[in-house]
Amino acid sequence: MSTSIKHFGASSDFLSKHRAQNPSSRTILVTGATAGIGLAIAKYLLRSEAKHLLVLAGRNNDVLIDLQTKNPDRVVTTAGDMSDLDYVKSIISGLQLAGKLDGMILNHGTLGSCQRIGGVEAEDWEKTFRINVTSLVVLIQSSLPLLRSAQGKVVFTSSGAAVTAYTSWGAYGATKAAVNHLAMTLKNEEPEVTSLSIRPGVVDTAMQDDIRNKYLGNMDEKDQQKFISAKKDGKLLPAEKPGHVIAELAVRAAKELSGQFLSWDDPKLADYQAK
Ligand SMILES: NC(=O)c1ccc[n+]([C@@H]2O[C@H](COP(=O)([O-])OP(=O)(O)OC[C@H]3O[C@@H](n4cnc5c(N)ncnc54)[C@H](OP(=O)(O)O)[C@@H]3O)[C@@H](O)[C@H]2O)c1
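Last residue of the sequence shown: number 275 in full-length UniProt numbering, and the count goes up by one each step with no gaps.
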């Protein structure tokens, strides 16, 4: 792992000049930015006239390099696996942010191996928690000083599985319930920071492909049908729909939303829908 400090732009004074020239620009970390909802979020933020600065994380370095090459000054990338907590700790400490991080979109996630509780290996359960929950805690800890002073926003990509139990999704659903709890606790502990978790709906990404192609076997018939028919009947959402709402929330979520778990299309979020 490289120990050199990464910075935006060609030289280390780019950041302060960019912020002075673009006062609406926000500096935002997006995890799981290499595919699906996270990639839609990153592209949306990069298109903004506000000229946001993005720290993009994921495992697929080819996608990260492509985003960086197309946006050479405004993107810094960090490739790694969120199950490796040493990597996670190095993400914020390895960046020159000049004292300011305005937002974090904690979006990466794994279904784990989708085993029923009776058969899941403890190590497998624990790894799903490390990726979906513990890495978020580590990222929050390392960025809180910057988020407090920026009155920053933390947006978690949660799931309907946080509040609905699907057969064989125990580990995944429990991690998303924990994510919602993280947002609620942060609201109480960190009054300067706005944190909320978003339910993105059933979205047409690799995660849904995996549900249909790899994980149906351990699910009950009724649960299988829900996901098969969502695809067959054209009910899957494009990643851009929830992605754009999540992106807008990371830029300007109102304080009164803090601690809440809301569906991406909740009427309370009408102001954040892409026009
Ligand atoms: N799709 C849905 O219907 C749906 C519904 C509810 C909630 N969600 C949530 O939405 C979020 C995004 O999922 P998606 O649907 O966009 O799925 P996706 O297309 O599979 O994207 C998942 C993203 O998370 C990253 N990721 C996964 N495991 C990782 C790990 N161990 N370390 C680092 N990065 C990791 C992936 O990185 P690489 O591609 O680089 O490996 C990718 O960028 C997840 O939190 C998921 O739980 C999705």
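Here a beta-carbon is modelled for each residue, glycine too, at the ideal position from N, C-alpha and C.
- Message: So, does the stretch 149-156 touch the stretch 170-183, judging by three or more C-beta pairs under 8 Å?
- Response: yes
- Message: Assuming LYS6 and GLN96 are in contact, meaning their beta carbons sit under 8 Å apart, how far apart are those beta carbons, in whole angstroms?
- Response: 7 Å
- Going by C-alpha distance, which of LYS43, LYS89, SER135 and ASP233 is nearest residue 295? The question about residue 295 has no answer, for the chain in this structure spans 1 to 275.
- 7 Å CB neighbourhood of ARG212 in its chain, flanking five on each side removed: PHE227, ILE228 and LYS231
- Task: List the endpoints of the continuous alpha helix (DSSP H) containing residue 285.
- Result: In the structure as shown, the chain starts at 1 and stops at 275, and residue 285 therefore has no counterpart that could be examined.
- Item | Environment of ILE198 [buried if 16+ CB atoms lie within 10 Å] | buried
- Neighbour-count burial assignment, residue 284, 16 or more Cβ in a 10 Å radius: In this structure the chain extends from 1 to 275, so residue 284 is not present and cannot be described.
- When we look at the beta-carbon of VAL88 and count the other beta-carbons within 10 Å, is it buried (16 or more) or exposed? buried
- Item | CB contact flag (LEU54, VAL138, <8 Å) | no
- Please classify SER195: does DSSP put it in a helix, a strand, or coil? strand
- For ALA79, write down the residues that DSSP places opposite it in a beta bridge. GLY58
- Message: Let me check understanding here. Comparing Cα to Cα, which of THR194, LYS70 and ASP66 lies closest to ASP102?
- Response: THR194
- Message: Let me confirm a value: GLY112 is counted as buried when at least 16 other C-beta atoms fall within 10 Å, else exposed. Which label applies?
- Response: buried
- Query: By a C-beta neighbour count over all protein chains shown, 10 Å radius and 16 as the cutoff for buried, is residue 276 buried or exposed?
  - Reply: Summary: the structure shown does not reach residue 276, with the chain confined to residues 1 through 275, and so no result is reported for it.
- Message: Taking the straight line between their C-alpha atoms, what separation do you get for GLY36 and GLN21?
- Response: 32 Å
- Query: Beta carbon of ILE5: closer than 7 Å to some heavy atom of ligand 1?
  - Reply: no
- Message: For GLY103, report the span of its beta strand (DSSP E) as first-last.
- Response: 103-106
- Message: Shorter than 7 Å, the distance from the beta carbon of ALA165 to the closest heavy atom of ligand 1, or not?
- Response: no
- Quick one: what does DSSP say PHE156 is sitting in, helix, strand or coil? strand
- Message: Considering only the alpha carbon of each residue, which of GLY9, ARG26, ALA178 and ALA253 lies closest to LYS70?
- Response: GLY9
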